[in-house]
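Each remark here refers to the structure printed beneath this line.
Numbering (my numbering), first residue to last: 253 to 531.
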């Protein structure tokens with residue numbers, strides 16, 4: 253069944269309808285739900301990508317998502333698990349890598365997903381290799397220079413997203429499919445660009461606050477513990493900015509999550525979780 257725009261032009265495999273000219277008389281866009289082949293209507297806006305090519309973008313009701321490319325903030329609420337995610341971007345002081353935290357995760361076989369910026373990877377190739385080689389870890393990208401993406405146009409945003417993907421492929425033969433925008437900031441251009449590049453757009457629904465120097469370990473843990481529920485995606489940092497990150501993760505994984513009947517998963521595992529949560 254075809255819903256939405258009459259005389260629609262072809263839809264790309266990423267699920268975005270490409271128009272080479274602005275046409276009149278169309279009130280809705282359309283979007284293919286990934287893997288379903290079903291077209292759903294959206295409110296239309298236009299974003300320019302290069303030489304007069306316009307991409308239809310918009311929004312639709314897709315559960316815990318935003319806009320066209322399914323900006324994912326949480327997993328299925330029926331899954332008795334959470335995703336522990338860690339951002340890795342350069343820091344002005346310190347080693348930029350929380351070795352004790354990583355060692356704890358490895359020692360206790362705790363699944364985790366890491367979002368790395370291009371500049372961070374260039375300075376920490378040995379650590380990138382270690383994380384990639386840990387079978388219960390998952391790697392995503394976090395922009396090239398940790399830029400404020402909404403302040404830039406489509407081509408600059410595309411470059412910012414593509415550089416770390418290319419770096420991982422050329423230096424580590426790894427294909428990254430997960431993307432998290434720096435600072436969690438994005439606009440419709442960001443979302444459409446990620447979709448065009450085949451990247452799954454991962455945000456979070458629980459911000460730990462671990463880089464905040466005014467928060468104690470107890471405050472960070474209490475914040476996460478109060479909000480953790482089936483399907484949660486929680487953001488931490490593994491670049492040393494979080495003074496208490498390891499301490500919080502220890503208590504979270506040994507006390508808080510087990511009491512709630514939850515366990516850690518990678519983002520991809522969480523999104524494809526076949527399990528059912530029990531009250």
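Note that the Cβ used here is the ideal one computed from N, Cα and C, for glycine as well. No experiment lies behind these values; they were computed from the predicted model shown.
Residue(s) in a DSSP beta bridge with residue i
{"i": "residue 459", "result": "487"}
{"i": "residue 362", "result": "None; residue 362 has no bridge partner."}
{"i": "residue 515", "result": "333"}
{"i": "residue 326", "result": "484"}
{"i": "residue 354", "result": "Answer is none; residue 354 lacks a bridge partner."}
{"i": "residue 453", "result": "431"}
{"i": "residue 368", "result": "340 and 393"}
Residue environment, residue i, which counts as buried when at least 16 other CB atoms sit within 10 Å
{"i": "residue 488", "result": "buried"}
{"i": "residue 281", "result": "Any reading at residue 281 is ruled out, since the residue's pLDDT is 40, under 50, leaving its predicted position unreliable."}
{"i": "residue 460", "result": "buried"}
{"i": "residue 532", "result": "The requested residue 532 is not part of the displayed model; the chain covers only 253 to 531."}
{"i": "residue 327", "result": "buried"}
{"i": "residue 369", "result": "buried"}
{"i": "residue 325", "result": "buried"}
{"i": "residue 315", "result": "For residue 315, the predicted structure reports a pLDDT of 36, less than 50, and the residue's modelled location is therefore unreliable. A value from the coordinates is still provided. Exposed, because fewer than 16 other Cβ atoms sit within 10 Å of the Cβ of residue 315."}
{"i": "residue 289", "result": "Note on residue 289: pLDDT 32, under 50, position unreliable in the model; no value is reported."}
{"i": "residue 484", "result": "buried"}
{"i": "residue 361", "result": "exposed"}
{"i": "residue 478", "result": "exposed"}
{"i": "residue 416", "result": "buried"}
{"i": "residue 492", "result": "buried"}
{"i": "residue 379", "result": "buried"}
{"i": "residue 399", "result": "buried"}
{"i": "residue 436", "result": "exposed"}
{"i": "residue 511", "result": "exposed"}
Rounded distance between the beta-carbons of residue j and residue i, thought under 8 Å
{"i": "residue 490", "j": "residue 389", "result": "Rounded, the Cβ-Cβ distance is 11 Å, inconsistent with contact."}
{"i": "residue 401", "j": "residue 442", "result": "5 Å"}
{"i": "residue 480", "j": "residue 508", "result": "7 Å"}
{"i": "residue 392", "j": "residue 446", "result": "Their Cβ separation, rounded to whole angstroms, is 11 Å, which puts residue 392 and residue 446 out of contact at 8 Å."}
{"i": "residue 394", "j": "residue 434", "result": "6 Å"}
{"i": "residue 414", "j": "residue 449", "result": "6 Å"}
{"i": "residue 518", "j": "residue 363", "result": "5 Å"}
{"i": "residue 332", "j": "residue 514", "result": "6 Å"}
{"i": "residue 438", "j": "residue 472", "result": "With 8 Å as the limit, residue 438 and residue 472 do not qualify as a contact, their Cβ atoms being about 25 Å apart."}
{"i": "residue 454", "j": "residue 432", "result": "5 Å"}
{"i": "residue 358", "j": "residue 516", "result": "The pair is not a contact, with the Cβ atoms about 13 Å apart (cut-off 8 Å)."}
Pair every Cβ in the stretch 340-347 with every Cβ in the stretch 370-381, then say whether three or more of these pairs are closer than 8 Å.
Cβ pair count under 8 Å is three or more, so yes.
Pairs of beta-carbons, one from the stretch 343-361 and one from the stretch 405-424, closer than 8 Å: are there three or more?
By the Cβ test, the stretch 343-361 is not in contact with the stretch 405-424, since fewer than three Cβ pairs between them sit closer than 8 Å.
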